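Beneath this line is the structure, given in structure tokens, with notes to follow.
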Amino acid sequence: MRDSSSHRRTSHTRTTRRAAAVALVGVSALIAAAVQSGAATAAPEKAPSAAGKVIPGAESVKLTPAQRAELIRAADASKAATAKDLGLGAKEKLVVRDVLKDGDGTVHTRYERTYDGLPVLGGDLVVESTKADATASVVKATRAAVTPATTTAKLPAAKAKTQALAAAKAEDAKSPDVNRAPRKVIWAASGTPTLAYETVVGGFQHDGTPQELHVITDAATGEKLYEWEAIETGTGNTVYSGTVDLTSTQSGSTFNLTDGARGNHKTYNLNRGTSGTGTLFSGPDDIWGNGSASNLESAAADAHYGAALTWDYYKNVHGRSGIRGDGVGAYSRVHYGNNYVNAFWSDSCFCMTYGDGSGNANPLTSIDVAAHEMTHGLTSNTAGLNYSGESGGLNEATSDIFGSTVEFYAANSSDVGDYLIGEEININGDGTPLRYMDKPSRDGASKDSWYSGLGSIDVHYSSGPANHFFYLLSEGSGTKTINGVSYDSPTADGLPVTGIGRDKAEKIWFRALTTKFTSTTNYAAARTGTLAATGELYGTTSAEYKAVQDAWAGVAVGARSDGGGGGGGTSFENTADVAIPDNGAAVTSSVTVSGRTGNAPSNLQVAVDITHTYIGDLQVQLVAPDGTAYTLKGYNTGGSADNINTTYTVNASSEVANGAWQLRVQDNAARDTGRINGWKLTFP
Numbered sequence: 039m040r041d042s043s044s045h046r047r048t049s050h051t052r053t054t055r056r057a058a059a060v061a062l063v064g065v066s067a068l069i070a071a072a073v074q075s076g077a078a079t080a081a082p083e084k085a086p087s088a089a090g091k092v093i094p095g096a097e098s099v100k101l102t103p104a105q106r107a108e109l110i111r112a113a114d115a116s117k118a119a120t121a122k123d124l125g126l127g128a129k130e131k132l133v134v135r136d137v138l139k140d141g142d143g144t145v146h147t148r149y150e151r152t153y154d155g156l157p158v159l160g161g162d163l164v165v166e167s168t169k170a171d172a173t174a175s176v177v178k179a180t181r182a183a184v185t186p187a188t189t190t191a192k193l194p195a196a197k198a199k200t201q202a203l204a205a206a207k208a209e210d211a212k213s214p215d216v217n218r219a220p221r222k223v224i225w226a227a228s229g230t231p232t233l234a235y236e237t238v239v240g241g242f243q244h245d246g247t248p249q250e251l252h253v254i255t256d257a258a259t260g261e262k263l264y265e266w267e268a269i270e271t272g273t274g275n276t277v278y279s280g281t282v283d284l285t286s287t288q289s290g291s292t293f294n295l296t297d298g299a300r301g302n303h304k305t306y307n308l309n310r311g312t313s314g315t316g317t318l319f320s321g322p323d324d325i326w327g328n329g330s331a332s333n334l335e336s337a338a339a340d341a342h343y344g345a346a347l348t349w350d351y352y353k354n355v356h357g358r359s360g361i362r363g364d365g366v367g368a369y370s371r372v373h374y375g376n377n378y379v380n381a382f383w384s385d386s387c388f389c390m391t392y393g394d395g396s397g398n399a400n401p402l403t404s405i406d407v408a409a410h411e412m413t414h415g416l417t418s419n420t421a422g423l424n425y426s427g428e429s430g431g432l433n434e435a436t437s438d439i440f441g442s443t444v445e446f447y448a449a450n451s452s453d454v455g456d457y458l459i460g461e462e463i464n465i466n467g468d469g470t471p472l473r474y475m476d477k478p479s480r481d482g483a484s485k486d487s488w489y490s491g492l493g494s495i496d497v498h499y500s501s502g503p504a505n506h507f508f509y510l511l512s513e514g515s516g517t518k519t520i521n522g523v524s525y526d527s528p529t530a531d532g533l534p535v536t537g538i539g540r541d542k543a544e545k546i547w548f549r550a551l552t553t554k555f556t557s558t559t560n561y562a563a564a565r566t567g568t569l570a571a572t573g574e575l576y577g578t579t580s581a582e583y584k585a586v587q588d589a590w591a592g593v594a595v596g597a598r599s600d601g602g603g604g605g606g607g608t609s610f611e612n613t614a615d616v617a618i619p620d621n622g623a624a625v626t627s628s629v630t631v632s633g634r635t636g637n638a639p640s641n642l643q644v645a646v647d648i649t650h651t652y653i654g655d656l657q658v659q660l661v662a663p664d665g666t667a668y669t670l671k672g673y674n675t676g677g678s679a680d681n682i683n684t685t686y687t688v689n690a691s692s693e694v695a696n697g698a699w700q701l702r703v704q705d706n707a708a709r710d711t712g713r714i715n716g717w718k719l720t721f722p
């Protein structure tokens with residue numbers, strides 16, 4: 039522990055020095071609903087940049103809150119014309135959500151959508167317009183036309199309420215009660231847009247976390263279409279990060295934890311309560327805590343410090359003033375509940391909340407946890423990645439990624455930057471981290487690489503491939519030591535990846551998050567979005583662009599930059615179109631492999647190009663010459679995404695290489711159609 043004697047008191051007219059042992063924490067989760075989409079637009083071809091520098095004018099500029107507000111006003115004034123340009127129907131309206139502007143005048147405007155006055159959930163989109171105000175590209179959460187059969191509900195709202203309460207009880211909720219009555223919406227996040235009810239159930243989750251369970255009910259049939267929890271949570275214990283600088287406010291002879299330099303972020307004491315704001319931390323001096331968890335101010339200092347670091351990181355590195363970009367600070371609540379081993383972000387209060395851990399002895403307040411929680415808020419106010427399926431994994435990974443980069447940014451000698459999540463918590467009781475970005479599977483549950491069933495597992499574990507991608511892009515594969523920590527990062531295809539450095543990687547992920555991702559982005563679309571972001575920043579023929587391709591291939595998402603499994607290799611391809619009958623029999627496309635010796639490899643690359651709306655209906659298999667089938671994408675996975683254009687890695691080492699291989703595709707449900715455009719086998 040740090041002795042409070044080293045803490046200094048300074049004038050309220052400048053940044054004040056506050057004593058704090060920053061409690062090291064665990065990570066939290068995130069919000070929202072499900073479904074995935076691959077509707078990202080590729081970047082236009084640009085000349086490669088010299089020496090890896092960002093192309094002039096490509097980065098978003100730092101907007102003041104007033105400048106951002108003016109851009110939003112302009113977008114709002116022209117939203118009707120924009121809707122017309124996009125070909126939206128007469129009943130569809132746009133609602134401006136966020137605006138970013140690049141140095142070259144390009145503007146990225148994020149919209150929500152309504153239909154006949156009803157919110158369209160999963161209808162969000164991002165419009166990129168040129169300096170001349172011409173639309174350059176559009177990224178949509180759904181490409182389905184928003185034309186529901188009706189806006190008149192057959193089902194009474196009371197039925198939706200009953201179903202929502204039953205869903206909460208099925209999750210062992212405590213004291214569930216409807217805190218937002220059923221409202222009519224158009225549900226567009228998973229297939230054909232449909233009239234539905236959205237009901238929000240309050241109360242508490244089974245572990246004492248506040249509950250905001252959203253349940254979507256078909257307004258005609260009463261079928262539950264989806265549900266998601268809108269409170270983001272995490273787990274951990276506490277260690278200390280030393281004496282740090284904090285900013286407070288003085289009123290008369292009293293000091294309080296209000297950060298006037300960062301949107302008036304405030305830190306409150308819930309004093310074991312579970313609702314409300316609590317009491318703003320205040321006192322007669324400008325010294326906060328003594329490094330001991332038994333002193334309630336210590337955890338407050340930790341949370342205040344972490345929030346300040348995260349604010350500064352987003353402002354100084356990415357040019358964003360606050361979570362919403364409007365210069366307004368969120369607030370923090372510490373000492374939530376009794377023995378509450380968690381921390382969470384909530385949109386409803388626009389705040390971070392921290393428990394004190396087991397025995398109320400280990401506050402969950404630390405640099406990476408604060409950054410992780412605040413990033414959930416950032417994601418909610420930008421891409422809005424639904425907190426379920428693959429989009430939920432990407433959401434959770436985004437918080438891990440920026441939790442790590444903020445820790446590097448902090449340069450705190452007591453908690454050095456690393457690619458280990460929750461490394462200080464000792465949550466496992468043996469000194470091991472909560473998660474590993476270099477090889478996620480080391481935690482025993484996270485996944486190193488993408489596979490067809492990834493969207494069906496917990497979002498904390500489906501985040502693994504994106505965390506792994508970010509590490510590979512930053513540092514590359516293989517063994518290395520960074521800040522005294524040893525890493526050994528493998529790849530899905532067994533081929534090396536050369537990193538481009540964390541500074542570039544974080545700019546690419548941030549730009550993709552804020553200008554390319556939507557609520558339904560899945561892993562395939564994340565690859566498309568990061569490549570588009572990289573092309574804009576560094577050029578599509580740059581080393582950075584190739585590195586993004588290779589890093590994604592390293593986690594089994596897409597092909598290498600050389601077009602195959604990497605390192606050359608031999609490919610066999612069939613480019614003939616094959617129609618996929620709607621809800622019909624399986625169809626096949628064949629390639630004949632010859633000239634190989636022995637068996638196929640353990641990292642056989644299967645590149646698939648399929649056009650099909652709502653890919654959740656499809657089952658896609660690779661069939662070996664002896665008839666053995668390897669499922670690449672299972673039925674009822676992939677959600678509402680359109681099209682499959684990705685590369686799968688198959689361990690086919692038990693199969694003879696030469697012979698007729700088939701791609702077998704079957705549509706298992708009605709209403710959506712498509713075709714096989716082609717596919718390719720690559721032997722690295």
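First residue of the sequence shown: 39, per this note's numbering; consecutive thereafter. Beta carbons: idealized from backbone N, C-alpha and C, even for Gly. It should be emphasised that the depicted structure is a prediction, and the values quoted were computed from it without experimental measurement.
Tell me whether residue 540 sits in a helix, a strand or coil according to DSSP, three-state version.
Residue 540 falls in the helix class under three-state DSSP.
DSSP three-state call for residue 11: helix, strand or coil?
Summary: the structure shown does not reach residue 11, with the chain confined to residues 39 through 722, and so no result is reported for it.
Going straight from the alpha carbon of residue 233 to that of residue 156, what length do you get?
Their Cα atoms are separated by approximately 9 Å.
Inspect the CB distances between the stretch 654-674 and the stretch 694-707 and report whether three or more fall short of 8 Å.
Touching, yes.
Taking three-plus beta-carbon pairs below 8 Å as touching, is the stretch 508-526 in contact with the stretch 587-597?
Contact between the stretch 508-526 and the stretch 587-597 is present, because at least three Cβ pairs lie under 8 Å.
Run through the DSSP bridge pairs and tell me what residue 659 is partnered with.
Looking at the DSSP assignment, residue 659 forms a beta bridge with 669, 702.
For residue 324, count neighbouring Cβ atoms within 10 angstroms of its own Cβ and tell me buried if that reaches 16, exposed if not.
Residue 324 comes out buried.
Which residue spans inside the stretch 183-265 form an unbroken alpha helix (DSSP H) run of at least 4?
Taking only runs of at least 4 residues, the alpha helix (DSSP H) segments lying wholly in the stretch 183-265 are 195-208.
Kindly provide the ranges of any alpha helix (DSSP H) runs that are 4 or more residues long and lie completely inside the stretch 288-340, ordered along the chain.
Taking only runs of at least 4 residues, no alpha helix (DSSP H) segment lies wholly in the stretch 288-340.
Could you spell out the range, first to last residue, of the beta strand (DSSP E) harbouring residue 598?
Looking at the DSSP string, residue 598 is not in any beta strand (DSSP E), and its letter there is neither H nor E.
Suppose only complete runs of 4+ residues qualify. What are the alpha helix (DSSP H) ranges in the stretch 354-434, listed by chain order?
Fully enclosed alpha helix (DSSP H) runs of 4 or longer: 405-419.
Do you know how far the Cα of residue 721 is from the Cα of residue 109?
C-alpha separation (whole angstroms): 51 Å.
Could you check the C-alpha separation between residue 524 and residue 253 for me, to the nearest Å?
C-alpha separation (whole angstroms): 44 Å.
Does the Cβ of residue 400 have 16 or more other Cβ atoms within 10 Å, making it buried, or fewer, making it exposed?
With 16 or more other Cβ atoms within 10 Å, it is buried.
Taking the CB atoms as reference points, tell me whether residue 478 and residue 468 lie closer together than 9 Å.
No, the Cβ-Cβ distance between residue 478 and residue 468 is not below 9 Å.
Tell whether a beta-carbon distance below 9 Å holds between residue 556 and residue 163.
Yes.
When the distance is taken between beta carbons, is residue 490 closer than 9 Å to residue 431?
Not in contact: residue 431 and residue 490 (Cβ atoms no closer than 9 Å).
So which of 434, 504, 427, 470 has the shortest CA-CA distance to residue 492?
Comparing Cα positions, the closest option is 427.
Please classify residue 639: is it buried, with 16 or more other beta-carbons within 10 angstroms of its beta-carbon, or exposed?
Flag for residue 639 reads buried.
Out of 636, 540, 564, 694, state which residue places its alpha-carbon closest to the alpha-carbon of residue 582.
Per the Cα distances, 540.
Going straight from the alpha carbon of residue 386 to that of residue 405, what length do you get?
Roughly 23 Å separates the two Cα atoms.
Between 537, 554, 546, which lies nearest to residue 421 when the distance is taken from Cα to Cα?
Closest by alpha carbon: 554.
Do residue 567 and residue 228 come within 9 Å of each other at the CB atom, strictly closer than that value?
In this structure, residue 567 does not lie closer than 9 Å to residue 228 by Cβ.
Taking the C-alpha atoms as reference points, what is the distance between residue 173 and residue 482?
Answer to the nearest angstrom: the Cα atoms are 46 Å apart.
Three or more beta-carbon pairs under 8 Å between the stretch 541-551 and the stretch 569-583, yes or no?
Result yes; three or more Cβ-Cβ pairs closer than 8 Å.
Any chance the stretch 245-263 sits against the stretch 189-205, with 3 or more Cβ pairs inside 8 Å?
Touching, per the Cβ criterion.
Could you spell out where the beta strand (DSSP E) holding residue 628 opens and where it closes?
Per DSSP, residue 628 belongs to the beta strand (DSSP E) from 625-631.
Would residue 690 pass as a contact of residue 636 if the rule is Cβ separation under 9 Å?
No, the Cβ-Cβ distance between residue 690 and residue 636 is not below 9 Å.
Just reading off the alpha helix (DSSP H) that residue 110 is part of, what are its end residues?
Taken as a continuous stretch (DSSP letters only), the alpha helix (DSSP H) holding residue 110 covers 103-115.
Taking one C-beta from the stretch 299-312 and one from the stretch 367-382 each time, how about it: are there three or more such pairs within less than 8 Å?
Touching, yes, given that three or more Cβ pairs across the two stretches are closer than 8 Å.
Taking the alpha-carbon positions, what's the residue 320 to residue 297 distance?
Taking the straight line joining both Cα atoms gives about 12 Å.
Could you tell me the distance, in whole angstroms, from the CA atom of residue 544 to the CA atom of residue 488?
Approximately 21 Å between the Cα atoms of the pair.
In or out: residue 283 buried (at least 16 other Cβ within 10 Å) or exposed?
Counting Cβ neighbours within 10 Å, residue 283 comes out exposed, since fewer than 16 surround it.
Which of the three DSSP states, helix, strand or coil, is assigned to residue 648?
Residue 648 falls in the strand class under three-state DSSP.
Could you have a look at residue 351 and say whether DSSP puts it in helix, strand or coil?
Reduced to three states, the DSSP call for residue 351 is helix.
Name the residue from 136, 206, 154 whose alpha carbon lies nearest to the alpha carbon of residue 262.
The option with the nearest alpha carbon to residue 262 is 206.
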